[in-house]
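Note sheet for the following structure.
Protein chains: 2
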Amino acid sequence: MDREIYLDNAATTRAYDEVISYMNDINIKYYGNPSSMHTKGIEAEKLLKLARERIAGSMGAVPGEIYFTSGGTEANNMAIFGYLEANRHSGKHIITTAVEHPSVLEVYKYLSKKGYTVDFINPDSQGIIDLNMLESKITSETALISLLYVNNETGAVQPVQEVVEIKNRLNRNAAIHMDAVQAYGKIRINPGKSGIDLMSVSSHKIHGPKGCGALFVRNGIKLQSILFGGGQENKLRSGTENVPGISGFGLASEITFRNINENSQKLSALKSRFIELLEEKIQDYRVISNENSSPYILNVAFKNLKAEVLLHHLEERGIFVSTGSACSSRRNTSSHVLKAMAVEPCYIDGAIRFSFSSFTSIEDIEYTVSALVDIIPRIRYGGKK
Amino acid sequence: MDREIYLDNAATTRAYDEVISYMNDINIKYYGNPSSMHTKGIEAEKLLKLARERIAGSMGAVPGEIYFTSGGTEANNMAIFGYLEANRHSGKHIITTAVEHPSVLEVYKYLSKKGYTVDFINPDSQGIIDLNMLESKITSETALISLLYVNNETGAVQPVQEVVEIKNRLNRNAAIHMDAVQAYGKIRINPGKSGIDLMSVSSHKIHGPKGCGALFVRNGIKLQSILFGGGQENKLRSGTENVPGISGFGLASEITFRNINENSQKLSALKSRFIELLEEKIQDYRVISNENSSPYILNVAFKNLKAEVLLHHLEERGIFVSTGSACSSRRNTSSHVLKAMAVEPCYIDGAIRFSFSSFTSIEDIEYTVSALVDIIPRIRYGGKK
Numbered sequence: 001m002d003r004e005i006y007l008d009n010a011a012t013t014r015a016y017d018e019v020i021s022y023m024n025d026i027n028i029k030y031y032g033n034p035s036s037m038h039t040k041g042i043e044a045e046k047l048l049k050l051a052r053e054r055i056a057g058s059m060g061a062v063p064g065e066i067y068f069t070s071g072g073t074e075a076n077n078m079a080i081f082g083y084l085e086a087n088r089h090s091g092k093h094i095i096t097t098a099v100e101h102p103s104v105l106e107v108y109k110y111l112s113k114k115g116y117t118v119d120f121i122n123p124d125s126q127g128i129i130d131l132n133m134l135e136s137k138i139t140s141e142t143a144l145i146s147l148l149y150v151n152n153e154t155g156a157v158q159p160v161q162e163v164v165e166i167k168n169r170l171n172r173n174a175a176i177h178m179d180a181v182q183a184y185g186k187i188r189i190n191p192g193k194s195g196i197d198l199m200s201v202s203s204h205k206i207h208g209p210k211g212c213g214a215l216f217v218r219n220g221i222k223l224q225s226i227l228f229g230g231g232q233e234n235k236l237r238s239g240t241e242n243v244p245g246i247s248g249f250g251l252a253s254e255i256t257f258r259n260i261n262e263n264s265q266k267l268s269a270l271k272s273r274f275i276e277l278l279e280e281k282i283q284d285y286r287v288i289s290n291e292n293s294s295p296y297i298l299n300v301a302f303k304n305l306k307a308e309v310l311l312h313h314l315e316e317r318g319i320f321v322s323t324g325s326a327c328s329s330r331r332n333t334s335s336h337v338l339k340a341m342a343v344e345p346c347y348i349d350g351a352i353r354f355s356f357s358s359f360t361s362i363e364d365i366e367y368t369v370s371a372l373v374d375i376i377p378r379i380r381y382g383g384k385k
Numbered sequence: 001m002d003r004e005i006y007l008d009n010a011a012t013t014r015a016y017d018e019v020i021s022y023m024n025d026i027n028i029k030y031y032g033n034p035s036s037m038h039t040k041g042i043e044a045e046k047l048l049k050l051a052r053e054r055i056a057g058s059m060g061a062v063p064g065e066i067y068f069t070s071g072g073t074e075a076n077n078m079a080i081f082g083y084l085e086a087n088r089h090s091g092k093h094i095i096t097t098a099v100e101h102p103s104v105l106e107v108y109k110y111l112s113k114k115g116y117t118v119d120f121i122n123p124d125s126q127g128i129i130d131l132n133m134l135e136s137k138i139t140s141e142t143a144l145i146s147l148l149y150v151n152n153e154t155g156a157v158q159p160v161q162e163v164v165e166i167k168n169r170l171n172r173n174a175a176i177h178m179d180a181v182q183a184y185g186k187i188r189i190n191p192g193k194s195g196i197d198l199m200s201v202s203s204h205k206i207h208g209p210k211g212c213g214a215l216f217v218r219n220g221i222k223l224q225s226i227l228f229g230g231g232q233e234n235k236l237r238s239g240t241e242n243v244p245g246i247s248g249f250g251l252a253s254e255i256t257f258r259n260i261n262e263n264s265q266k267l268s269a270l271k272s273r274f275i276e277l278l279e280e281k282i283q284d285y286r287v288i289s290n291e292n293s294s295p296y297i298l299n300v301a302f303k304n305l306k307a308e309v310l311l312h313h314l315e316e317r318g319i320f321v322s323t324g325s326a327c328s329s330r331r332n333t334s335s336h337v338l339k340a341m342a343v344e345p346c347y348i349d350g351a352i353r354f355s356f357s358s359f360t361s362i363e364d365i366e367y368t369v370s371a372l373v374d375i376i377p378r379i380r381y382g383g384k385k
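Right under this line is the structure:
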């Protein structure tokens, strides 16, 4: 296959070349355990320190507020379990939405069997949380509010500032947890200033290595460990630190944030062009992603076709896309996100997520749309263009 | 520094060159998310499958019994929390030893505040569990017995077969969990045949990458997840799989097991030579590691000196060692392992762990002992040789 157009960047990204060679170097030269007292340990510890400064700097945090984890899933689990366990007095009520990533949704489903009352708020048809509904749910018993900053399937961006304001007005003690895995490196976020208490980010979504993530924990917020042991990460997250991975994550963040504005502009233009081309050339589809969604994600539902069939036709032409999120794509169930947004049945099974990165070009998009023009009429139930 | 003699392999190892270049290749070519439905996902999934077969094959297990984790610490936490949560009916009593790794010890300290009764059995002066004591502790309420297969500070090997037999005689329903992080790749272990139910292993101790480990879960043993989300690892361990890391772990295992017997023989000879040279040239020391301990670890306590001082003098000569384990070395407290073995106070602060790998040579050992001969008289409290 000659051409490779990778439009599944919300599932995972190709690491930057600089990141890959940096990790390679560290594997060869700086293989010490950061807890060791000798030079090889200290060298490794310095690498961790640099990475922590880079991640902290990217979000206006101080290094002590950054805890490295094995990825976004662990960061979300640690945020929720860790906060609730360390703050048992703060109430047994939780608010989240029905369109969270499984690493939040499944934690709350579990907790709802363990004595917590969890409100899973449905979003509006744009995938945005209903602020009146939120307001009506907050009580003095509310311990935690978890939101997906940018939805991984649709790119919908939640109104974080408004959520924080409402929460502060009604229950200043409730904590705000943001799953920022799809937002980080794409939108500038300063969790400290924004009133976010806990924020999860992931490395492999920003051209860093897999197996790395971080949790921002605002100074003063108490967390209980979920992994116990040697007391690494300021006693909160035990386990020998993945020095090459964490370092690669730090460098990926550095590179990503250097170009965050340019990339955002470039991808906004690219996404607009994609939508324009669809309008010109395709019929019977719905753009699921709303107007203000992340420029990195475009979810389009094509009427009367099976998204999997389209996916496989696209990959024959070297174009890689996703139906819904990667996590659930193998399960062959309709997207919980699109269902919660009340997308009509004739569209929901034909939803494709195109997700971009700074590596994506306008030519990639043009090629993709011409492939769609070619494929769609042949695979539609009714045979329509 | 010209010479580099790395004798801290129990803390972490240098990855094999083949492993580093394999991971590099995967980062470049096979960056897909294994959950994606397209070719790039399937390629990544195939890599996971190969790694799982390699790890399973190394211990006579079937691939479905292997669950990848972010390392040994997570594997231990998942084994203990996951087993107890999924088997709440099986009793609230646990048996372990006082010489476990912190990733087991700290879990049990936590659980002992959460309604579990945990017996931390002291070992004998050789660091071996007292089987009579074990026998006296097992009741019908015993849910889990956790043991460190090879002690990370002393190399002491626990009598696993005897423990399993005693357990089976007194309470067949109790489960056996082995922390095999320092044993794996050094001793041949077939957990299935040995009656082990749960076994934790780590990648970076066998020249694989950091940030990877695995838990063997015997077929039929029920475990509750400790990380919830996308349902990876057969729904037990969520989070996008660290494909390059896991693949590197698989290859490291393959290489390690190919030479396991030769390496064991080589290191036994090397360790004997080390002890011989000490006998010839050094006075007032105690070999803490017992006669049957792992050939990969030699713990020696030098009388009337501070191990840290010796460590720093050694590193000036390019020799890297450890005082106790890496995890606790920064804490400046005496080793809990040596204390539990009742090592005398005049020795305990002078304990150095030399830990070897297949990269270690006899010349390295000879050079190290001549360095010891030079340094020790100058740093002893009394000035003795």
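Read top to bottom, the protein sequences are chains A and B. Numbering follows the numbering used here, in which position 4 of the first sequence is assigned residue number 4; successive positions increment by one, without gaps. Numbering follows the numbering used here, in which position 246 of the second sequence is assigned residue number 246; successive positions increment by one, without gaps. Every residue gets a Cβ at the ideal spot worked out from N, C-alpha and C, and that includes glycine.
Three Cβ pairs or more, each shorter than 8 Å: is that satisfied between the segment 86-103 of chain A and the segment 261-270 of chain B?
no
Contacts around P34(A), its chain only, beta-carbon distance under 7 Å, and the 5 residues preceding and following it disregarded:
Indexing the first sequence from 1 puts residue 34(A) at position 34. Cβ neighbours of P34(A) beyond the five flanking positions: G41, A44, E45, L48, E241 and V243.
Which of the three DSSP states is assigned to V343(A) in this structure?
In the first sequence, residue 343(A) corresponds to position 343, counting from 1. Reduced to three states, the DSSP call for V343(A) is coil.
At a CB-CB cut-off below 9 Å, which residues of chain A make contact with E106(B)?
Locating residue 106(B) in the second sequence gives position 106, counting from the first residue. The answer, in chain order, is S225, F228, G229, G230, G231 and S238.
To the nearest angstrom, how far is the alpha carbon of I206(B) from that of E308(A)?
Against the second sequence, residue 206(B) aligns to sequence position 206. Against the first sequence, residue 308(A) aligns to sequence position 308. Looking at the two C-alpha atoms, the distance is approximately 41 Å.
Note down, in chain order, every chain B residue with its Cβ under 7 Å from the Cβ of G32(A).
In the first sequence, counting from the first residue as 1, residue 32(A) sits at position 32. Here the neighbours are T12.
Buried or exposed: where does Y16(B) fall if 16 or more other Cβ atoms within 10 Å of its Cβ makes it buried?
Numbered from its first residue, the second sequence carries residue 16(B) at position 16. So Y16(B) ends up on the buried side.
Return the chain-ordered list of same chain residues with a C-beta closer than 6 Å to the C-beta of Y6(A), the five sequence neighbours on each side being excluded.
Numbered from 1 along the first sequence, position 6 holds the residue referred to as residue 6(A). Closer than 6 Å at Cβ, skipping near neighbours: F320.
Express the C-alpha separation of S357(B) and D364(B) in angstroms, rounding to a whole number.
For the purposes of this step, residue 364(B) is taken as residue 364 along the second sequence, with counting starting at 1. For the purposes of this step, residue 357(B) is taken as residue 357 along the second sequence, with counting starting at 1. Going by the C-alpha atoms only, they are around 11 Å apart.
Distance between I128(B) and P159(B) (C-alpha atoms, nearest Å):
As a position in the second sequence, residue 159(B) is number 159, starting the count at 1. As a position in the second sequence, residue 128(B) is number 128, starting the count at 1. Taking the straight line joining both Cα atoms gives about 8 Å.
Out of curiosity, what's the CA-to-CA distance linking F249(A) and G60(A)?
Residue 249(A) sits at position 249 when you count from the first residue of the first sequence. Residue 60(A) sits at position 60 when you count from the first residue of the first sequence. Rounded to whole angstroms, F249(A) to G60(A) spans 17 Å at the Cα level.
Fully enclosed by the segment 87-170 of chain B, which alpha helix (DSSP H) runs are 4 residues long or longer?
102-112, 131-137 and 160-170
Alpha carbon of S289(B) to alpha carbon of S334(B), nearest angstrom
As a first step, residue 289(B) must be located in the second sequence, where it is residue number 289. As a first step, residue 334(B) must be located in the second sequence, where it is residue number 334. Cα to Cα, the separation comes out at about 17 Å.
What separation, rounded to the nearest whole angstrom, lies between the Cα atoms of K385(A) and A340(A)?
Your numbering for residue 385(A) matches position 385 in the first sequence. Your numbering for residue 340(A) matches position 340 in the first sequence. Because the pLDDT of K385(A) is 45, which lies under 50, any placement of that residue in the model is unreliable, and the number read from its coordinates should be weighed accordingly. One C-alpha to the other measures close to 28 Å.
Which residues, in order along the segment 43-62 of chain B, keep a beta-carbon less than 8 Å from a beta-carbon of chain A?
none
Going by beta carbon distance, what residues of the same chain come within less than 8 Å of V62(B), once the five residues before and after it are set aside?
Taking the second sequence and counting its residues from 1, the one referred to as residue 62(B) is at position 62. Answer for V62(B): A56 and N219, listed in chain order.
With 16 as the cutoff for other CB atoms within 10 Å, does E162(B) come out buried or exposed?
Here residue 162(B) is taken as the residue at index 162 of the second sequence, counted from 1. Looking at its Cβ environment, which holds fewer than 16 other Cβ atoms inside 10 Å, E162(B) is exposed.
Excluding five sequence neighbours on each side, which residues of the same chain lie with their C-beta closer than 6 Å to the C-beta of S202(A)?
As a first step, residue 202(A) must be located in the first sequence, where it is residue number 202. So the qualifying residues of the chain are G71, G72, V181 and G213.
Counting contacts by CB-CB distance shorter than 7 Å, is T154(B) in contact with chain A?
For the purposes of this step, residue 154(B) is taken as residue 154 along the second sequence, with counting starting at 1. So, not an interface residue.
Work out the CA separation of H38(A) and G32(A) for me, nearest whole Å.
Position 32 of the first sequence holds residue 32(A). Position 38 of the first sequence holds residue 38(A). Distance between the alpha carbons of G32(A) and H38(A): 9 Å.
May I ask you to list, following chain order, the residues of the segment 207-222 of chain B that have a beta carbon less than 8 Å from some beta carbon of chain A?
P209, K210, G211 and C212
Return helix, strand or coil for I348(B), following the three-state DSSP convention.
Residue mapping note: residue 348(B) aligns to position 348 of the second sequence, counting from 1. Of the three classes helix, strand and coil, the one that applies to I348(B) here is helix, per DSSP.
By the DSSP assignment, the beta strand (DSSP E) with S253(B) in it spans what residues?
On the second sequence, position 253 is the one that residue 253(B) refers to. Counting along the chain, S253(B) falls outside any beta strand (DSSP E), though it belongs to the alpha helix (DSSP H) covering V243 to R258.
Are the C-beta of H38(B) and some C-beta of chain A separated by less than 7 Å?
Position 38 of the second sequence, counted from the start, is the residue given in the question as residue 38(B). Output row for H38(B): interface = yes.
Comparing the C-beta of S103(A) with each C-beta of chain B, is any distance below 7 Å?
Translated into the one-based positions of the first sequence, residue 103(A) becomes position 103. Chain B contact via Cβ: present.
Using a Cβ-Cβ cut-off of 8 Å (strictly less than) and excluding sequence neighbours within five positions of V164(A), which residues of its own chain qualify?
By 1-based counting over the first sequence, the position of residue 164(A) is 164. Here the set comprises I176, S194, G195 and I196.
In its own chain, which residues sit with a C-beta less than 7 Å from the C-beta of I66(A), not counting the 5 before and 5 after it?
Mapped onto the first sequence, residue 66(A) falls at position 66. Cβ neighbours of I66(A) beyond the five flanking positions: R52, I55, A56, A214 and F216.
Is there a Cβ of chain A sitting closer than 7 Å to that of A15(B), yes or no?
Taking the first residue of the second sequence as position 1, residue 15(B) is located at position 15. Chain A, which has a Cβ nearer than 7 Å to the Cβ of A15(B), makes this yes.
To the nearest angstrom, how far is it from the Cα of Y347(B) to the Cα of L277(B)?
The residue given as residue 347(B) occupies position 347 in the second sequence. The residue given as residue 277(B) occupies position 277 in the second sequence. Going by the C-alpha atoms only, they are around 19 Å apart.
Going along chain A in order, which residues have a C-beta closer than 9 Å to the C-beta of S70(B)?
As a working mapping, residue 70(B) is identified with position 70 in the second sequence. Those within 9 Å of S70(B) in chain A are T69, S70, G71, E74, G211, L227, G239 and N242.
If we define contact as Cβ-Cβ less than 7 Å, is I376(A) a contact residue for chain B?
Reading the first sequence from its first residue, position 376 is the one you call residue 376(A). No, I376(A) does not count as interfacial toward chain B.
Give a yes or no on whether the C-beta atoms belonging to T256(B) and G185(B) are separated by under 7 Å.
One-based indexing of the second sequence puts residue 256(B) at position 256. One-based indexing of the second sequence puts residue 185(B) at position 185. A contact, by the Cβ cut-off of 7 Å.
Neighbouring residues, chain B, relative to Y110(A) (Cβ below 7 Å)
If you number the first sequence from 1, residue 110(A) lands on position 110. Within 7 Å Cβ-Cβ: F228.
Less than 7 Å separating the beta-carbons of A156(B) and S293(B)?
The residue you call residue 156(B) lines up with position 156 of the second sequence. The residue you call residue 293(B) lines up with position 293 of the second sequence. Result yes, Cβ atoms of A156(B) and S293(B) sit closer than 7 Å.
Please state whether DSSP places L310(B) in a helix, a strand or coil.
Taking the first residue of the second sequence as position 1, residue 310(B) is located at position 310. Residue state, collapsed to three classes: helix.
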